[in-house]
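Trainee: Okay, here's the structure, questions in a sec.
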Amino acid sequence: MESGDRYGVAGYGSGGDGTVPPPPSHAPSVGPPPPGASLRAAAAALLNLTGLGLGYALLGRWGRAAVCWAATAVLLWVALPADPDGVPAGVLVGYLLVLVLAAVDGGRIARRSAVGGAWRPGLAVGLGVVLLAVPAGGAVVYGSARDEAREQMLLERLEAGDERVATASGQPFEAAKSEYGKALDVYRALGEDHPGSRAAKLVPDRLKAYYDAVSAPYAKKRHCEAVAPLTYLRTLPDSVDKKVLGELAAWPDTPLAESLYACGVSRLGGAGSSSGGGDGGAELGQLLRTFPESASARRVAPAIDERIKDQVSALKGAEPCTATEALRGLGATASRLPDDSVKKLRADADEGVVDGVYACGVDQFEDGKFGAARTTLTDFARTYKSDGRVRQARNIATAAEIADDRPAAGKRLPPSKRPGGARMELVISNDAPNTVEVLYTGPVTGTVTLRACAGCERYSASEGPRRACNAGGRSYPKARLQLPAGEYHFLYKHGTGATARVDSYSSGTRVQPGYTYTSCTYVIERSPFDLDLPLLPDPIQPVVSPWGAGSSR
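Convert by adding 538 to the 1-based position in the sequence shown; the result is the number in the working numbering.
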């Protein structure tokens, strides 16, 4: 009983019946620990570290055990099901702190207490070590579940990118460009930020589908439509790692060069040539600057040369005016392109334009477009003064001006050569107080101008034919024409000194061999009621009865 006296139990005596009371369930709070205390403390600490509160359970501290169970339950509630982001750091740190405190507390209590019941501290330590595998294994399983959740999340992102591509592929590129950009952001993030994930391993195939969707116009041979999306694809290596793009990084170069060539050539000589837009120059210029050594770039000069030759041949066809405009456009386009071999083709186009302008004016005359023919051929004569067709161009322009007022003058083109044979004289006198320009066409074509008649006056409608050019002693301005026989058409245009109310006047006559003809131009007054009075037709007679010409005012 010396030992009992040492631990302060000497006060417990035997009963009257000689029995010995049981030892206390807990060691006293003071004095040295009981034997085996260190092993018991280690066992309790390990069992509490499992998170199951078993150390407290063995010590009979059920309240503390319940706290451990509650902490573990909270952890499981937060952690499950596994989230890609895992358990929040604050929750995990708090839980670990609870376990550490429980282990320290359990060890302290076990060290100071005699544990009732038949249990072996060594076996408890072994059990604690074994049970530690539970949280460790749970952590491993949870980590695996969390990784899978992350993989599923990344696969969902990949699918979302695929959906954006599918949506964008049904729209024009400019409208779909934003969607394509968002899909690319998804693929780029997966490939660059999660390179080892299952989703990242699928990115190369998705990018191939992405490139196919964006470049769909090229696959359908819609080359002008394909230029913008292919240009966009060509810029992607600037923002996406080339390791992610792989062979796709350089793929757009050849399709873009082909599209620029095909689109540019299809627009050559187009309506936008003179203004610099829509004529193929933009696309061909981009091709020659971006891919100067490409096979497509080498085809530009031959293509323009061939197109120029085709339009030159078309000048002899039914639409010379259209061919002329095409040649102007081809020349303008060639001169703007950054290639000397192409620039030289401007001269060939300009040479074709000269022939084209003349052919266009003739075609307009033959089609009865007399106003347009006059403008075209007058410009031709002013622009190409050294051309051998200038005289004929002026003649056709004169005939066109007459025909615009007198359609019969436009039934046929003026002869390109002056006819031979006898010539008859036509003397035209001016009895008008203003200058008069006389245009005529027939076997020969030309113009003469009569200066104003000083002192001449306007006549009434009734006295004009009787008094015009008959004043004794007056010298009228005259023009003398030597005309071959044939049918002629005249246009009298009143110029300087005339008011806006003086009308031009056209007429026709037939010049016959063996006669000399005279004509007199004069001005008649309108009626007081501003009614136009008709002019009598010109009599066609020899000089003994001259035929007159007049205008109304």
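Cβ atoms here follow ideal geometry from the backbone N, Cα and C, with glycine treated the same way.
(1) What first and last residue would you give for the alpha helix (DSSP H) that runs through S1136?
(2) Per the DSSP calculation, I966 is bridged to which residue(s)?
(3) What distance in whole Å lies between the Cβ atoms of L868 and L825, which are believed to be in contact at a cut-off of 8 Å?
(4) If you follow the alpha helix (DSSP H) that L768 is part of, which residue opens it and which one closes it?
(5) Could you give the distance in angstroms between the alpha-carbon of V636 and the alpha-carbon of A579?
(6) If you check the beta carbons only, do F1028 and V965 fall under 8 Å apart?
(7) Is the stretch 903-911 in contact with the stretch 849-857, if contact means three or more CB pairs nearer than 8 Å?
(8) Just the Cα atoms here: how many angstroms apart are W615 and G632?
(9) Do you know offhand how far Q1050's Cα is from G980's?
(10) Return the first residue and the last residue of the alpha helix (DSSP H) that V895 is part of.
(11) Quick check on DSSP: helix, strand or coil for R1048?
(12) Where does the unbroken beta strand (DSSP E) through E1025 begin, and where does it stop?
(13) Can you give me the start and stop residues for the beta strand (DSSP E) that T985 sits inside?
(14) What's the gap between the Cα of R927 and the Cα of R874?
(15) Roughly how many whole angstroms lie between the Cα atoms of L728 and E785?
(16) Assuming P775 and L768 form a contact by the criterion Cβ under 8 Å, report the distance between their Cβ atoms to the nearest whole angstrom.
(17) Go ahead and pull the three-state DSSP assignment for E975.
(18) Would you call the stretch 1050-1061 and the stretch 953-968 in contact, with 3 or more CB pairs under 8 Å?
(19) If you draw a straight line from the C-alpha of E697 to the C-alpha of M691, how long is it?
(20) Are the beta-carbon atoms of Y725 and L745 separated by less than 8 Å?
(21) Suppose the cutoff is 6 Å on Cβ atoms and the five residues either side in sequence are ignored; what does the same chain contact list for P695 look like?
(22) Could you check whether Y997 and L940 sit closer than 8 Å to each other, using their CB atoms as the reference points?
(23) Which stretch, first to last residue, makes up the alpha helix (DSSP H) that contains P755?
(24) Taking the alpha-carbon of G993 as reference, which of A999, V986, P1015 and Y978 has the nearest alpha-carbon?
(25) Leaving aside the five residues before and after V703 along the sequence, list all residues of the same chain whose C-beta is less than 6 Å from its C-beta, in chain order.
(26) Contact check, A947 vs A937 under 8 Å by CB: the rounded distance?
(27) Should T862 be labelled buried (16 or more other beta-carbon atoms within 10 Å of its own) or exposed?
(28) Can you name the start and end residues of the alpha helix (DSSP H) that A938 belongs to?
(29) Classify G628 as buried or exposed, calling it buried when 16 or more other Cβ atoms lie within 10 Å of its own Cβ.
Mentor: The relevant details are as follows:
(1) Within the shown structure, residues of the chain are numbered from 539 to 1091, placing residue 1136 beyond reach of any answer.
(2) A1017 and S1057
(3) Contact flag wrong, Cβ pair sits at about 17 Å.
(4) H761 to T773
(5) 17 Å
(6) no
(7) no
(8) 14 Å
(9) 13 Å
(10) L883 to E904
(11) strand
(12) G1024 to H1032
(13) G984 to L988
(14) 31 Å
(15) 18 Å
(16) Not confirmed; about 14 Å, so no contact.
(17) strand
(18) yes
(19) 10 Å
(20) yes
(21) Residue 695 is actually Arg in this sequence, not Pro. Excluding sequence neighbours, R695 sits near V724.
(22) Before going on, a small fix: residue 940 reads as Ile here, not Leu. It is not a contact, given that the beta carbons lie outside the stated cut-off.
(23) A754 to A757
(24) P1015
(25) A721, Y748 and A751
(26) 6 Å
(27) buried
(28) V928 to D943
(29) exposed
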